[in-house]
Amino acid sequence: MPSDLERAMETLITVFHRYASKEAGNTSTLSRKELKMLMEAELASFLKLMK
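Numbering-wise (the numbering used here), the sequence shown opens with residue 9 and increments by one.
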């Protein structure tokens with residue numbers, strides 16, 4: 009049975025790969041555009057609180 013941290017890491021990796029594959033090219037890195045899309049979609053509540 010995976011630990012909470014292992015499940016969290018698996019989720020982070022899954023989300024990373026989902027956004028890294030949005031644009032053609034390297035799927036092991038995020039472009040600035042991909043990072044912005046990831047943060048706006050996945051961290052919307054957090055970003056709103058930080059303003």
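Cβ coordinates follow ideal geometry from the N, Cα and C atoms, glycine included.
* For N28, the nearest candidate out of L20, K59, T19 and L38 (CA to CA) -> For the purposes of this step, residue 28 is taken as residue 20 along the sequence shown, with counting starting at 1. Correcting the residue type first, residue 28 is Ala in the shown sequence and not Asn. Of the listed residues, the one whose Cα sits closest to A28 is L38.
* **Collapsed DSSP secondary structure at M45 in the structure displayed** => The residue you call residue 45 lines up with position 37 of the sequence shown. Here M45 sits in helix by DSSP.
* Asked: If you run the structure through DSSP and keep just helix, strand and coil, what is L57?
  -> The residue labelled residue 57 in the question sits at position 49 within the sequence shown. Helix.
* Asked: Counting pairs of Cβ atoms below 8 angstroms between the segment 39-49 and the segment 19-28, do you hit three or more?
  -> yes
* Start and end of the alpha helix (DSSP H) containing A32? -> Counting from one through the sequence shown, the residue named residue 32 turns up at place 24. Here A32 belongs to no alpha helix (DSSP H), and DSSP marks it neither H nor E.
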